[in-house]
DNA sequence: ACATTGTGTTCGCAATGCGAACGAAGTGCA
DNA sequence: TGCACTTCGTTCGCATTGCGAACACAATGT
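Residue numbers (UniProt numbering), protein chains in the order written: chain P, 1 to 260; chain U, 1 to 260.
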């Protein structure tokens, strides 16, 4: 059909894709769903939904009262297999905890994958913030400091590819949407070793991030502090937070090098 | 084949089960695996493993360099579709955070499902503890306070069924293995409204738990503090911790009633 | 160089999972 | 209350999908 390149079609298991879709269906604040609701949301036939839901029940990942279905906490095993496969994050949380107790602002670790960053660890402060930003949730990499500092670790070719293919959307008046300007910002962050992103995703968001390295010096994640923009503008605040953040990142880096 | 009861075989999607098995394969500290390793660990044919792994890659849940496969953080979406489906837990963490800053001991929330409890939220202290006990990990309900206090919410029939069918294993010399004694302990905990379990799972574990209720008063989870047994034995310590824990549980209960 | 073991891929076949069609259960209106 | 109408869960024949034995290729040892 196409002459250029390889069109070698890899084997894909359709029902597996659909099954994963069914699990995600329960994501958006919907704890209990009927068979039909699942079918609609996942865009599959009711018959398929039925098979997949019963499979989940059979495996202990879901329960039903005959009418409604809901996930069991056992489903956490799945996402957790990522976290424990790295086994990096469990000990990082204790260091983040300490940091939060010193600076009284929320702290997170996220991993870049493709065009997005994914939160893998969170320590909020008592001031309840965006509860939607839980572990597993993602944000576009180019508008958050956690993303910028990890993009800075890409090679020139990789960054070129990112900038060419990424959907660079505007979220606030502060969002950098010019691709060349974005490249400059990212490279600057890389040179500095930290990233500050001020209200580019949301008017109320101000974040500072530094990278986390493995023993070979490769950037594998980033750690950040978020705070209200007003507070970030206080004199001396940035320097103070940056020093504390760097300190925490170093502790984690060191432990990482020791274990890996 | 069987005359009594219904043997109505529900439709099960085999490839979905196998796919989930493949994901879990990456759990045990194994970040990168070859196709054959996955096949072995998941006890499926290499051909199946290939299909399923390529499906995961196609969907962005895994990556490969042609030789090895690894999960992407995107896989967290799956497990955490449970957490966000309840949306209860995100705000609970801030209250737990506060508690930990006051009492300087680790705090967790877990949900009972079947014979086990599953951690859904954790706030460790800087003294790094059992890092294996992360979100998503499970423990047998009958040997931990988080389990006992949730078992206490079962009806007599349900508790009967639990005690009859559960595998009551001994973990330490302190483990209660006599089923009648266990029933008495659980019912006592229910009457008191809290549970204290001292070294029944591990010699170094001492935990206090209280239930978390929804607006209808139904127990839906439990929150605990864990500490070294030596410290728990200090005079006045139990009363102090219990009061603090109860206070935190009440805050969460109240917020829960407000939102739900 | 030549077994030998281990790994990834192909391909014919049938079991598996598909969805149109069916029946059951609500819902609204007269 | 009865009768259309909608919505939901289930059945079942058929084609597709996913199965694994067999194959090819790579790595390792002797």
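Even glycine gets a Cβ: it sits at the ideal position worked out from N, Cα and C.
Select from 42(U), 15(U), 84(U), 76(U) the residue whose C-alpha is nearest the C-alpha of residue 56(P). 15(U)
When you check each C-beta in the region 205-238 of chain U against every C-beta of chain P, which residues fall closer than 8 Å? none
Can you grab the Cα-Cα spacing for the pair residue 206(P) / residue 51(P), in whole Å? 46 Å
Which residues bound the alpha helix (DSSP H) around residue 91(P)? 89-103
Could you tell me which chain U residues have their CB closer than 7 Å to the CB of residue 74(P), listed as they occur along the chain? 113, 118
Under 9 Å (Cβ pairs) to chain U, residues found in the region 37-63 of chain P: 47, 48, 50, 51, 52, 54, 55, 56, 57, 58, 59, 60, 61, 63
According to DSSP, residue 108(P) sits in a beta bridge with which residue or residues? 122(P), 224(P)
Three-state class that DSSP yields for residue 42(U) in the structure shown: helix
Between residue 161(U) and chain P, is there a C-beta pair that is closer than 9 Å? no
Mind checking whether residue 152(U) and residue 115(U) have CB atoms under 9 Å apart? no
Let's see if you can read the secondary structure: which residues bound the beta strand (DSSP E) around residue 170(P)? Looking at the DSSP string, residue 170(P) is not in any beta strand (DSSP E), and its letter there is neither H nor E.
Let me check one thing: in DSSP terms, what residues is residue 69(U) bridge-paired to? 33(U), 64(U)
Among 53(U), 203(U), 125(U), 17(U), the one whose alpha carbon lies nearest that of residue 32(U): 53(U)
For residue 255(U), which of 215(U), 221(U), 41(U) has the nearest alpha-carbon? 215(U)
Assumed close pair residue 93(P), residue 73(U) - CB separation to whole angstroms, cut-off 8 Å: Not a contact, Cβ separation roughly 16 Å.
Can you tell me whether residue 77(P) is buried or exposed, with buried defined as 16 or more other CB within 10 angstroms of its CB? buried
Under a Cβ-count criterion, where at least 16 other Cβ atoms within 10 Å of its own Cβ denotes burial, should residue 161(P) be classed as buried or exposed? exposed
Does residue 101(U) get closer than 9 Å to chain P when you measure Cβ to Cβ? yes
What residue does the alpha helix (DSSP H) around residue 82(P) start on, and which one ends it? 76-86
Please compile the residues from chain U whose C-beta is within a distance smaller than 8 Å of the C-beta of residue 248(P). Correct list: empty, because the minimum Cβ distance to chain U is about 12 Å.
Does DSSP put residue 182(P) in a helix, in a strand, or in coil? helix
Residue 135(U) versus chain P: which residues are under 9 Å apart at the beta carbon? 76, 79, 80, 83, 135
Who are the Cβ neighbours of residue 108(P) in its own chain at under 6 Å, not counting the five residues just before and after it? 119, 122, 224
Which residues of chain P have a Cβ atom closer than 8 Å to the Cβ of residue 97(U), listed in chain order? 100, 123, 124, 125, 126
Is the distance from the Cβ of residue 250(U) to the Cβ of residue 80(P) below 9 Å? no
Would you say residue 18(P) lies against chain U (beta-carbon separation less than 9 Å)? yes
Bridge partners - residue 211(U), DSSP secondary structure assignment: 222(U)
Can you pull the DSSP bridge partners for residue 197(U)? 207(U)
By the criterion of Cβ-Cβ separation under 7 Å, what are the contact partners of residue 186(U) in chain P? Residues of chain P passing the Cβ test: none, with the nearest at roughly 20 Å.
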